[in-house]
Amino acid sequence: MENKSKACPEVPPTPGNGSVPLSTLRAGERGVVAGMQGGRGLLGRMTSLGFTPGAEVTVVQNYGRGPLIARVRDARIALGRGEAGKIYVHRGSQ
Amino acid sequence: MSTRHAIAVEQTSVTELDGAEKRVLVALAGQPNVGKSTVFNLLTGLNQHVGNWPGKTVERKEGAFTHDGATYRLVDLPGTYSLTANSAEEVIAREFIIREKPDVVVAMVDAAILERSLYLVAELLPLGAPVIVGLNMMDVAEQEGFRIEPEVLEAALGAKVVPMVASKNIGVRELVAAIGEVARGDYEYAPKLPEIRADHREVLARIEKLIAGCVPEPYPQDWVALKLLEGDRKVTEMMQECLPEERWQDVHDVLRAHDDALVAVASGRYGWIGRMIRAAVTRPKAGRIGLTERLDRWATHPLWGLGILAGILGLAFWLTYTIGAPLQDLLDVYVVGGLADLMGDLLASAPAWLQGLVVDGIIGGVGTVVTFLPILVIFFAVLGLLEDTGYMARAAYVMDGFMHLMGLHGKSFLPLFLGFGCNVPAVLGARVIESRRARLLTIFLAPLVPCVARMTVIAFLAPAFFGSAATLVSWGMTLLALVVLALSGVLINKTVFRGERAGFIMELPLYHLPNWRTIGLLVWQRSLAFVKKAGTLILVVSVVVWALSVLPGGEVETSFLAAVGRWLEPVGRLMGFDWRLMVSLLTSFIAKENSIATLGVLFGTGEEAGLAELLATTISVPTALAFLVVQMLFVPCVATVAVVKQETASWGWTFFNLAFLLVVSWAVGTGVYWLATFGGL
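Sequence lines, in order, name chains A and B. Just so you know, we're using our numbering here: the first sequence kicks off at 1 and counts up by one. Just so you know, we're using our numbering here: the second sequence kicks off at 95 and counts up by one.
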């Protein structure tokens, strides 16, 4: 999964700041969005569906492969594994 | 004459000023799945018109209602999550509000997902038109444990808030009263507008200063500045054209230095939403496990989910064949047969050509349309039901992995599934896919989904040829078409598009009980559209085919049609097709079900039962199998081709699609013919 998009992530997703891709969270685990990657189109859809830095996310379903389901701002959002890998979160709730 | 006319017009406009006959323009906005269409149907009833937005392939619904002596024109805007130009829907919604300046914008929001659904309201308010918030699904929010105080929310927003349960017709009267109040200017509308996140306020001010005085009417200047910062494609293009070269360069430099501003703008909106709802909403203490979560443990499970989906698809087929097929027979015997007998008696003394035209040509065509309806109605109803209950999104979710194999994502499943009803909505349904690439591939593959019309042909021919094995053959044909579809997807994806697949991100709405009114209206509108558009075409073709088959000499064997069929016969010989089968395929291009009508005319039977027996005795088993295969994979009907051209906006792509299907159907058909021949069938 190479990232061809030009837009910068809100917070550089370096391992140093402790954020991990949303796709690594197991079902039932919570996190707080640290930043997102992607082109304008994908970022636009992520934000309008509720993902912005600071938003609390709960992973509802994640079987380790294929798409997953996350709960953000009371809505259930299905994401492809690749898309979920572009959302970086800090583990645990605020 | 013209003077009198002018006076009359002026009189009307005077009355309009009086307000007695004024038509108030109301726009209905909202994110998908907030019950927008339920509200639209409740307000307008059958008094609505369904069409397309000009130059777009997005459905446009408009209706009217009266209240307190005033007439209201209600326009249903496309359901969108935001108003940034990511797809045609968002552009349509915002252009309508900016250009048509509706007197009132009703923004439907979902009370159970209040925070997220107010995002669109945050985008609507800066456009200037007065907004009323329809706070729908209050019952669901209560079930989920939310306590919402609408008055507090109204005070915070500075805009009218109407609590509603549209599915139970609660709050609709209050909404109408609120629309009247706001339209008359009796409500003190003073909305608090969202602001960009603090760290980007200075940049926004700088851009607004740079574009000041250069923003074309009727776009609000501050809105344009904000959309520039968000990197909105359309607004960026517009301003690049409007600004002087150097000024644009300055704007461009500022934007480049802040290309992360999109997230700051969105964060600002959610910050504003947080302030609006803080006092008005009490959240449930612990996350409870609702019905949706419990159902989704099964419906979205990688294994059980697929099983459930297969079960639902099976049920749809079962319904079609156990309810639809007998209904078709009844209609065929009593309505079509009765009509043919009646006209036969009436025209007993008329010339033979007129009898032929009416009984064989016209009634034959009408019969095809009429008998096609039961199956279409069942499919539209099943689709409407799946969509309305919220299951459709789960189908997309569980199919994501499989669609991935074809370089598509789960969202393509929905339009392709629509293809089982008819390829035309499948092609049109591909509009839900954002990436042009994935959309093109979905459109390309849609004609390979066995549509009702093709299945009708198979369902008619298979029993004639294969007796008790007909069901098996029908399923086999469906499976074959889907395998060819999957392989074609892989092939095209590997050769034509050698790229990444589009992003998959979508909402899984809460499950809810179906609204029969909404589904009923949907079935009615789609069926009506079919009768109007496709029906006319089928009728015309029936008459033309009949005419071609009797002209010039009155005999089928010496007709124009036979000449074309004979000329093409060498190609068909590969599979044992004679000219009549070739002619039948030719007419299927106009509409699939015409194949049978054509065979009926060419074999001179007219009665369908007689035709089946005759076909079984004249055609060999390998040829019959090959004919069914070609029917399944052949070039789609002309209506599908027309929408493929419309959606891809490219004749080159359309012809490539047709050529591909032609080659594939002939290759697979020939393969099956030779396999069956050597297999000793």
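Using N, Cα and C, we set each Cβ at its ideal position, and we do this for glycine too.
N- and C-terminal bounds of the beta strand (DSSP E) containing residue i
i: B/Gln142; result: Gln142 to Asn146
i: A/Phe51; result: Here A/Phe51 belongs to no beta strand (DSSP E), and DSSP marks it neither H nor E.
i: B/Gly670; result: B/Gly670 -> no beta strand (DSSP E), and no H or E assigned at all.
i: B/His161; result: Glu153 to His161
i: B/Glu687; result: Here B/Glu687 belongs to no beta strand (DSSP E), and DSSP marks it neither H nor E.
i: B/Tyr491; result: Not the beta strand (DSSP E): B/Tyr491 falls in the alpha helix (DSSP H), residues Tyr485 to Val492.
i: A/Val32; result: Arg30 to Met36
i: B/Asp170; result: Ala164 to Asp170
i: B/Asn230; result: Val225 to Asn230
i: A/Arg91; result: Ile87 to Arg91
i: B/Asp204; result: Val198 to Asp204
Close beta carbons around residue i, own chain, < 7 Å, minus the five adjacent residues each side
i: B/Leu421; result: Pro468
i: B/Gly501; result: Leu535, Gly583, Asn587, Phe591 and Arg595
i: B/Ser107; result: The pLDDT assigned to B/Ser107 is 33, lower than 50, so where the model puts this residue is not dependable, and the model offers no usable value.
i: B/Gly389; result: In the sequence as displayed, the identity of residue 389 of chain B is Leu instead of Gly. Closer than 7 Å at Cβ, skipping near neighbours: Tyr605.
i: B/Thr386; result: Leu604 and Tyr605
i: B/Pro244; result: Leu229, Val255 and Pro257
i: B/Ala373; result: Val246 and Ala250
Minimum Cβ-Cβ distance from residue i to chain B less than 8 Å
i: A/Ala75; result: yes
i: A/Gln37; result: no
i: A/Ala78; result: yes
i: A/Thr24; result: no
i: A/Arg40; result: yes
i: A/Gly44; result: yes
i: A/Gly66; result: yes
i: A/Gly50; result: yes
i: A/Pro21; result: no
Run of the alpha helix (DSSP H) containing residue i, from where it starts to where it stops
i: B/His346; result: Glu339 to Ala351
i: B/Thr132; result: Lys130 to Thr138
i: B/Gly504; result: That residue, B/Gly504, is in no alpha helix (DSSP H); it is neither H nor E in DSSP.
Short CB-CB distance (under 8 Å) between residue i and chain A
i: B/Pro396; result: yes
i: B/Gly228; result: no
i: B/Arg789; result: Nothing can be reported for residue 789 of chain B, as the shown portion of chain B is limited to 95 through 775.
i: B/Asp494; result: yes
i: B/Val200; result: no
i: B/Val103; result: The predicted position of B/Val103 is uncertain, since its pLDDT is 29 and thus under 50; a value taken from the coordinates is nonetheless stated next. Taking Cβ atoms only, chain A never reaches closer than 8 Å to B/Val103, which makes this a no.
i: B/Gly484; result: no
i: B/Tyr175; result: yes
i: B/Ala580; result: no
i: B/Thr178; result: yes
i: B/Ala250; result: no
Beta-carbon gap between residue i and residue j smaller than 8 Å
i: B/Val639; j: B/Thr692; result: yes
i: B/Pro646; j: B/Ala487; result: no
i: B/Met726; j: B/Arg548; result: yes
i: B/Ala223; j: B/Ile273; result: no
i: B/Ala410; j: B/Val476; result: yes
i: B/Leu320; j: B/Pro285; result: no
i: B/Arg291; j: B/Gly362; result: yes
i: B/Val634; j: B/Leu655; result: no
i: B/Val460; j: B/Gly438; result: no
i: B/Ala164; j: B/Asn141; result: no
i: B/Val152; j: B/Pro126; result: no
i: A/Gly31; j: B/Phe598; result: no
i: B/Arg167; j: B/Glu156; result: yes
Minimum C-alpha distance to residue i - residue among the options
i: B/Cys731; options: B/Leu708, B/Leu755, B/Leu177 and B/Gly228; result: B/Leu755
i: B/Arg188; options: B/Arg167, B/Trp147 and B/Ala720; result: B/Trp147
i: A/Gly95; options: A/Gly35, A/Asn17, A/Arg30 and A/Glu29; result: Only positions 1 to 94 of chain A appear in the structure, and residue 95 of chain A is not among them; the question remains open.
i: B/Thr178; options: B/Ile367, B/Gly515, B/Pro338 and B/Trp317; result: B/Trp317
i: B/Phe514; options: B/Gln449, B/Leu542 and B/Asp494; result: B/Leu542
i: B/Gly364; options: A/Thr24, A/Arg71, A/Pro53 and A/Glu29; result: Reading off the sequence, residue 364 of chain B comes out as Tyr, not Gly. Of the listed residues, the one whose Cα sits closest to B/Tyr364 is A/Pro53.
i: B/Val357; options: A/Arg30, A/Gly18, A/Val20 and A/Gly41; result: A/Gly41
i: B/Asp354; options: B/Trp673, B/Met370 and B/Leu322; result: B/Leu322
i: A/Arg76; options: B/Ala540, B/Gly384 and B/Ala743; result: B/Gly384
i: B/Phe697; options: B/Ser682, B/Ala685 and B/Ile713; result: B/Ile713
i: B/Ile472; options: B/Asp426, B/Lys130 and B/Thr416; result: B/Thr416
i: B/Leu221; options: B/Glu311, B/Lys262, B/Thr160 and B/Leu208; result: B/Glu311
Contact with chain E by residue i, beta-carbon distance below 8 Å
i: B/Phe598; result: The structure shown contains no chain E; the protein chains it does contain are A and B.
Close-in-space but distant-in-sequence residues of the same chain around residue i (CB under 8 Å, 5 per side omitted)
i: B/Val348; result: Val297, Arg300, Ile301 and Leu304
i: B/Glu104; result: Residue placement at B/Glu104 cannot be trusted, given a pLDDT of 32 that sits under 50; what the coordinates show is reported in the next sentence. Cβ within range, chain order: n/a, list empty.
i: B/Met333; result: Ile305, Cys308, Val309, Val318, Leu322, Trp342 and Val345
Chain-order list of residues whose beta-carbon lies under 6 Å from that of residue i (same chain, five-residue window excluded)
i: B/His352; result: Val297
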